[in-house]
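For the record, in the sequence shown the residue sitting at position 254 is 254 according to the UniProt record's numbering, with numbers rising by one throughout.
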Amino acid sequence: MKIKRSERLVDMTDYLLNRPHALIPLTFFAQRYDSAKSSISEDLTILKRTFQDRGIGLVETVPGAAGGAKYIPYILKEDADEFMDEVIEILNNSHRLLPGGYVYMSDILGDPDKLRYLGRMIATQYLNQRVDAVLTVATRGIPIAQAASSYLNVPLVIARHDTNITEGSTVSVNYVSGSSKKIKRMTISKRSLEQGANVLIVDDFIHGGGTINGLTSLIEEFDCNLVGSTFFAEGAYQSGSQAVGNYTSLVKMEDTNDGNMRITKGNYDEKIFGTSK
1 MKIKRSERLV DMTDYLLNRP HALIPLTFFA QRYDSAKSSI SEDLTILKRT FQDRGIGLVE
61 TVPGAAGGAK YIPYILKEDA DEFMDEVIEI LNNSHRLLPG GYVYMSDILG DPDKLRYLGR
121 MIATQYLNQR VDAVLTVATR GIPIAQAASS YLNVPLVIAR HDTNITEGST VSVNYVSGSS
181 KKIKRMTISK RSLEQGANVL IVDDFIHGGG TINGLTSLIE EFDCNLVGST FFAEGAYQSG
241 SQAVGNYTSL VKMEDTNDGN MRITKGNYDE KIFGTSK
C-alpha cells in the first residue's frame, strides 16, 4: 500500500541515518513504499537539500542501474566549535584535577550525546577517504572509537593487553609505554583485519606516543594502511617522548605554574576543517 510523501520522508530519513556510507538502491525504496523511482528521486532531492542546510550530512545519489543513495555524516565547523567550547569549559573545572596531573573525563566519554558529536567530528575528517576499520586499545578509548566506527559504518577492532581464548589465534606486538617507559604488550585476533585494509586509530589520550606506536606496529603486521590517528585529548610531551608523527587531537592539556591543568583546543581546526585556530 502506498504511503504519503511525508511518511516516506520520515522513514527514508531514519533508514539513511542508521546506515551511514551504505549505498541503498532506489529499487529498494521504490519497493518499500510501492512508489515510482521518479517519486523516490524527488524525495531524495528534498532530503539532500535539508541535510545539507541543517549540517546533518550529505545525501549522495549514484546514477545507473547499480546506483542509489548514500548518507555521509559530517558536522559544520561552527557546530563543532560550539560543542568543543562547552566540553573545554567543563574540563577546565578545577574539581576535575586528579593526583598525578590527570583530568577526570570519563563522564564525557560515557555521555551518549557527547559521543555522537565526537563521532561526527572524527567522521568529518575522513569524508572523502576510505576507512575499512577503526582500531583502538582497551579500555578507555573504546567509547569514542565506537562512536567513530558507527558514523563511518565500519568494524571496531580492539587491541587488548592480555590474550582472550575467545579471540582464537592472535597477533601480538611489544611496545614501550611513553609515560612509564615500561615494555608492554598488545594483541588482536588474526581475524580482526583484512590485508590491505585502511585503518583509522582512535583513542582517548596521547601523551608519550607509546600506545600509538604499538597500534601502528599491529597495523603493519597485517600489511594494512594507516589512514590517520585521532585522540580526544593530547598531553604536553615530556623530554624523551617518542615521535608520533601526524595525528588529530580535539583538546590539549597543559600544566600551569600553579599546579593546575589548562584545557584548550587541540589541532582539530586545522586537521578536520583545514583552518587555523
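All C-beta atoms, glycine included, are put in the ideal place defined by N, C-alpha and C.
Item                                                                                                                                                : Value
Where Gly-259 falls, given that 16 or more other Cβ within 10 Å makes a residue buried                                                              : exposed
Between the CA atoms of Ile-183 and Leu-44 - distance to the nearest angstrom                                                                       : 54 Å
Beta-carbon spacing of Val-199, Leu-226 below 7 Å                                                                                                   : yes
Own chain partners of Gly-240 with C-beta closer than 7 Å, once the 5 adjacent residues on each side are dropped                                    : Low local confidence applies: a pLDDT of 43 at Gly-240 is under 50, so the model's placement there is unreliable, and no value is given.
Touching by the beta-carbon criterion (3+ pairs, under 8 Å), the stretch 266 to 274 and the stretch 119 to 127                                      : yes
Length at least 4, wholly inside the UniProt domain "Bacterial purine repressor N-terminal" (4 to 73): the alpha helix (DSSP H) runs in chain order : 5 to 17, 26 to 33, 37 to 54
Chain-order list of residues whose beta-carbon lies under 7 Å from that of Ile-3 (same chain, five-residue window excluded)                         : Tyr-33
Local conformation of Ile-165 per DSSP, three classes                                                                                               : helix
Straight-line Cα distance separating Tyr-104 from Leu-98                                                                                            : 7 Å
Beta-carbon proximity list for Ser-189, same chain, < 6 Å, skipping 5 on both sides                                                                 : Glu-167, Gly-168, Thr-170
Residue closest to Ser-6, alpha-carbon to alpha-carbon, out of Ser-39, Pro-25, Val-176                                                              : Ser-39
Per-residue DSSP class, three states only, for Ile-122                                                                                              : helix
Rounded C-alpha distance that separates Thr-248 from Pro-25                                                                                         : 35 Å
Extent of the continuous alpha helix (DSSP H) to which Asp-213 belongs                                                                              : Position check: residue 213 holds Asn in this sequence, whereas Asp was assumed. First-last of the alpha helix (DSSP H) with Asn-213: 210 to 221.
Cβ neighbours of Pro-143 in the same chain (closer than 7 Å, five flanking residues each side left out)                                             : Leu-109, Gly-110, Leu-115
Inter-residue Cα distance where the pair is Arg-160 and Tyr-74                                                                                      : 30 Å
Sequence-distant residues of its chain with Cβ nearer than 6 Å to Leu-152 (five each side left out)                                                 : Ala-123, Val-131
For Phe-232: DSSP bridge partner residues                                                                                                           : In DSSP, Phe-232 forms no bridge with anything.
Supposed contact pair Asp-204 and Gly-101 - C-beta distance, whole angstroms, cut 8 Å                                                               : Not really, about 16 Å apart at Cβ, beyond 8 Å.
Residue range of the unbroken beta strand (DSSP E) whose run includes Ile-183                                                                       : 183 to 189
Nearest candidate by alpha-carbon position, reference Ser-192, set Arg-185, Asn-213, Leu-218                                                        : Leu-218
Spatially closest choice to Lys-70 from Asn-92, Glu-86, Phe-29, Val-137, by CA coordinates                                                          : Phe-29
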